[in-house]
Amino acid sequence: MSGGQRVTRFPEIPEPLLNVRSAPGRNRRMIPAPFDASVVEGLPEAGGPPSLPDVSEVDTVRHFTRLSRLNYGIDHGMYPLGSCTMKYNPKIAEEIAARLARIHPADAPAMGQVLKCLKTLEQMLQEICGMDACSLWPAAGAHGELTGMMVIRKAFDIRGEKRRTVLIPDTAHGTNPASCTIAGFVTKNIPSGPEGYLEASALGQHLNEDVAALMITNPNTLGIFEREIRAIADLLHANGSYLYMDGANLNAVMGVARPGDMGVDCMHVNLHKTFGTPHGGGGPGSGPVLVKKELARFLPAPFIVRDESGGFVLRARPSEESIGMVHSCLGNVSVCIKALTYILSLGPSGLREAATVACLNALYLKSRLKDLFDLPYATPTLHEFVLSDARQKGRGVTTMDMAKALMDFGFHPPTVYFPLVVAGALMIEPTETEPLEELDRFIAAMEEIAETSREDPEKLHESPRAAPISRVDEVWAARNLILTWSDERIQPGEKGI
Amino acid sequence: MSYVSHNGAELRKILETIGIASPDEVFASIPEALRYGSPLAVGGPEDEESLRRDLAFHPSRVTFTGGGIHRHYIPAVVDAIASRQEFSTAYTPYQPEISQGTLQAAFEYQSMMAGLTGMEISNASMYDGATALAEAALMALRGKGIERIAVTRSTQPTYRSVLATYLAHTGQDGIREIPFDPKTGRVDLRALEESVSPDTALFVQSPNYFGVIEPMEQIAEIASHKAGFWGVVITEALSLGVLTPPGAFGPDVVLGEAQSFGNPANAGGPLLGFLCTRKEHARRMPGRVAGLSKDSEGRQAFCLTLSTREQHIRREKATSNICTNQGLCALRAAVYLSAMGPRGLREAALQCAAGARYLMGLLGDRGIRPIFSGPVFNEFVIPMDEGKRAGLEKNGIVPGIPITGWYPEIGRAVLTTVTEMNTQEECRCLADNV
Amino acid sequence: MEIPKELYYTQDHEWGSVEDGMMRVGITDYAQHELGDIVFVEFPEVGTVIAKGDPIGTVESVKAVSEVYAPVDGEIVEINEALADTPELVNQDCYGSAWMVVLKISDPSQVDTLMDAQAYRAYVEAEAK
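Chains as they are written, first to last, in our numbering: chain W, 8 to 504; chain U, 3 to 436; chain R, 37 to 165.
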């Protein structure tokens, strides 16, 4: 590699842990003191100040600013994590959502406007997905999935049916089986067809009176549209089962095709993927769940309803048929408001354009990369596609090596080793917000990696070399399990370990 | 507004490279019958100034609301750091080499939460306090011999509701509710003793939903001898600034809501669930965890660890289905705790407690006494009818959260909360208008 | 790939050595290699009675979890405590110091149903294809 570009410059590696900077009396912060706290009766006190580092404001700012420079974000450059839809997060949405900061959810007069906006978002998501009802409370995609599966479970419980099996194609996300288990189901993996999509004709053998639902992701994690989904839905419905859709990849079909029209009964969407809200280094996300009319009464409490005067209020207590609450309050409200801002900013034509360009960008990358890397499925794809390391592996270069090498070119790597149906998978989703130059730069990086793997494969094992640190020893971390700075195995001093 | 940056020439280059004539051909693999013919009826597109005009929100003038979501002073550095795109726009740190900022901050958050609660370890965050309780219950049920869950009735009602939702399908025989003493608002210790057994996991909130601080020593005495597993629930994390760390009483888990640490009320969310436990339970703990490691050159580095508990590896046998959680909220908490420091956190907590006592005094002068006599931190329950409450709200004063719906046995009442964000003048304003 | 001659093998890649009605059980060289660096092992308590094919342990690497299954019916009479602190022994010495449990065999005839080294080698080679 001809010296990969630096992601950013790193003045100090490692940045010492915050407690290393601590010294008594450093923190000089002035705390608001409206009350006389010299005598506070009836408080079983700890007897001393809590266990925290004592550092100055400047220490705090420098420490976390330095840490931030060790990160890679979407404003740095392309972040092609497949099935994660890392698109640009509009700044206006942050600004609008910040206006919620000082509103307490029990401040009923102020909440009227918030609930009105949330109701509007519910209606927009119903329109985009072709579904009849929506609950915004799940705080993340997996939470939405769990909520959706509980809704399905409740529908059977109410009818007195004891169906327990959920079918999950082998291309599914790991959260799918985990969510099903908590909702009290037993999962059964079913293979997708040779073309990378589930074939209706192959489904029949798995259907019986114990099957509660099939969980499908459409387009699936290979980026392939499940073209037989309508027939699959019909088979399930004839069997008395439901079709659940994981909406992780909704960005590919937004404004073009609606899950509700495909026969989907219940689904979740990821506002932090499709609707441009930031992922925050692992949340907060938001995973609204949407259902057809038949399942609406089982959605989690509370419900946003109109009162006598036409304003919006919460019906707080769970109705008897609701699965109950899934969040202590209203889910990730400010994330919902960001998504609302995003949808209003783009409008109907913009949403469809986003889906179209997301597919165009992915297909552009695929056209340029498919001759250099193994493309395990020739079936047409939409917003993402999966390559493998089959051509490089012979020279000892793995998907992991290529992912780490991409960091040296200033990119976040794609999703790796997923889906499991492809050995050594590299799952690439550029999203619609990547400029052509960035796509071309990514292609050039991949071309160089392919060339290096032919000519100097050893070099790739050493990557990343331009990232803040070299490869991290995950085995050491798992064997030693040092999870806090109080662990006695951490030696004092700047070096940490 | 569109965030797509291709112009006409660039679009043509892309189409030519792919080998299609028009953009819509990318959808050729979607059957015609499944296409949506009409434009989506969603409103927009709008320019930024119109969005600013249309999406405005205004809090009431004076509020005394808490109940698990609290308005506290947030140092300016918290927003400044949390709005850095390197933190806010990054994904879950699957690639540690370019995610050290997120990972080290998570490790520091874990360290501070473990220190504050007096526990050995912490996870990197949960969705909120209610799901943290539900996950802790599932964690307990995975342990040997635990078959039922008991929880105090004075634990936040929405938490108990979420707990019931999560446990509906575990096959265990319902959740046992332990009553409170109607005079003090504290747990009924005799009922507690009768309700727990070695096959029970017990959860107690303190300060409880009524703001009353529970007699932790007596509870611990019973729980550590009789319960198979027990946990302390905290919904006002700022109480950790002054009260004895719950870990001192020897529970298996301390969990709850840490929104008070640098996260605004946000009309209800995002919140910040936390879960701290002992090392012996590390492999049963739900959620992501950052661990210390080193890179290939021996430098300090961090990565996600204990991943084999998680859904992407263990799938249906995972300890939880949690994936994305509340990373940025945990970062805010870490920056907040760093900015406040030991003295600042204690002072803010004492202000809350002092403010509650100040308002109680003013109300007492006017003949309004708290319903419960137990010692409180910064919240208390007072009698108030609906008409009075609605009248106050019309005048921009929100006196608290009506709780009668959850606790019909205590009559018309509100849960009133005071924090360092309230002023003496606001307290007088409420007292004069009640 | 090391496959000692004197041991018995299962299709799930456990090995067993028999002495005085007891079977010492571990995982094979092939299994430890497939799993990668082992970071954690866990066993049921001594005294647990198990049937052939039941899990008698869990082995974790950073990216995979695998159960260890009982080659025969029996009672767990001993577990290898050393592996709790030094799981890496499984990678270094899987047939020696990284044995996992000792079973008291309830039905000696089951031992004959296990593969010998030659059969196991053929089995692994077929699986690798």
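Ideal Cβ positions, reconstructed from N, Cα and C, are used throughout, including at glycine.
Per DSSP, Lys-319 (chain U) lies in no alpha helix (DSSP H) and is assigned neither H nor E.
Interface with chain U (8 Å Cβ-Cβ cutoff): Cys-366 (chain W) is included. In the DSSP assignment, Ile-384 (chain U) falls within the beta strand (DSSP E) that extends over 381-385.
Note: Ser-53 (chain R) is bridge-paired with R:Arg-60 in the DSSP secondary-structure output.
Between the segment 69-84 of chain R and the segment 402-421 of chain U there are fewer than three inter-stretch CB-CB distances shorter than 8 Å, so the stretches are not counted as touching. Residues are counted here when their Cβ sits less than 9 Å from a Cβ of chain W; for the segment 94-112 of chain R these are Glu-96, Ser-97, Val-98 and Lys-99, given in chain order. Around the Cβ of Gln-158 (chain U), a 10 Å sphere holds 16 or more other Cβ atoms; the residue is buried. Per DSSP, Thr-421 (chain U) has no beta bridge partner at all. Ile-148 (chain U) sits in coil when the DSSP states are folded into three classes, being neither helix nor strand.
Legend: CB atoms of the segment 322-347 of chain W lying less than 7 Å from CB atoms of chain R are not found in any residue. Of all residues in the segment 310-324 of chain U, only Thr-310, Ile-315 and Arg-316 come within less than 7 Å of chain R when Cβ atoms are compared, listed by chain position. The segment 395-411 of chain U and the segment 106-114 of chain W touch, with three or more beta-carbon pairs separated by less than 8 Å. For Gly-293 (chain U), the beta-bridge partners assigned by DSSP are U:Cys-305.
Using a CB distance cut-off of 8 Å, Ser-4 (chain U) counts as an interface residue toward chain W. The beta carbon of Pro-91 (chain R) sits closer than 7 Å to those of Glu-103, Val-104 and Tyr-105, all from its chain and outside the five residues before and after it, given in chain order.
Beyond the five residues adjoining it in sequence on each side, Asn-424 (chain U) comes within less than 6 Å, by CB distance, of Gly-357 in the same chain, given in chain order. In terms of Cβ geometry, Pro-95 (chain U) and Val-479 (chain W) do not form a close pair [threshold 8 Å]. Excluding five sequence positions before and after Asp-254 (chain U), the CB atoms of its chain that fall closer than 7 Å to its own CB belong to Phe-231, Trp-232, Gly-233, Thr-279, Arg-280 and His-283, given in chain order. Remark: C-beta atoms of Ala-355 (chain U) and Phe-374 (chain U) do not approach each other more closely than 8 Å. Against chain W, a Cβ distance below 7 Å from Phe-251 (chain U) picks out nothing, because the smallest value is about 11 Å. In the three-state reduction of the DSSP assignment, Met-93 (chain W) falls in the coil class. Contact holds between the segment 52-63 of chain W and the segment 332-343 of chain U, because three or more Cβ pairs, one in each stretch, are under 8 Å apart. Distance from the CA of Leu-153 (chain W) to the CA of Ala-158 (chain R), rounded to the nearest whole angstrom, comes to 44 Å.
Across the segment 10-38 of chain U, CB contacts with chain W closer than 9 Å involve Glu-12, Leu-13, Lys-15, Ile-16, Leu-17, Thr-19, Ile-20, Gly-21, Ile-22, Pro-25, Asp-26, Val-28, Phe-29, Ala-30, Ser-31, Ile-32, Pro-33, Ala-35, Leu-36, Arg-37 and Tyr-38, in sequence order along the chain.
Identification of residues in the segment 105-120 of chain W having a C-beta nearer than 9 Å to some C-beta of chain U yields Ala-105, Arg-106, Leu-107, Ala-108, Arg-109, Ile-110, His-111, Pro-112, Ala-113, Asp-114, Ala-115, Pro-116, Ala-117, Met-118 and Gln-120, given in sequence order.
Going by DSSP, Trp-232 (chain U) is part of no alpha helix (DSSP H) but of the beta strand (DSSP E) stretching over 231-236. Under the rule that a run must span 3 or more residues, the beta strand (DSSP E) segments found entirely inside the segment 245-275 of chain W read 249-254.
Of all residues in the segment 476-498 of chain W, only Glu-481, Val-482, Ala-485 and Arg-486 place a beta-carbon less than 7 Å from a beta-carbon of chain R. Residue range 115-136 is occupied by the alpha helix (DSSP H) that includes Ala-117 (chain W). Take Val-393 (chain W), set aside five residues on each side of it, and the residues of its chain with a beta-carbon closer than 6 Å to its own are Leu-229, Val-429, Ala-432 and Met-434, in chain order. The C-beta distance from His-49 (chain R) to Ile-63 (chain R) rounds to 6 Å, short enough to meet the 8 Å contact threshold. For Ala-185 (chain W), the enclosing alpha helix (DSSP H) starts and ends at 182-189. Restricting attention to beta strand (DSSP E) runs no shorter than 3 residues, the segment 422-491 of chain W encloses them at 432-435, ordered along the chain. In this structure Asp-297 (chain U) is buried. Its beta-carbon is surrounded by 16 or more other beta-carbon atoms within 10 angstroms. For Tyr-409 (chain U), the closest Cβ of chain W is not nearer than 8 Å. A distance below 8 Å between beta-carbons, with the five flanking residues on each side excluded, links Asp-367 (chain U) to the following residues of its chain, in chain order: Ala-433.
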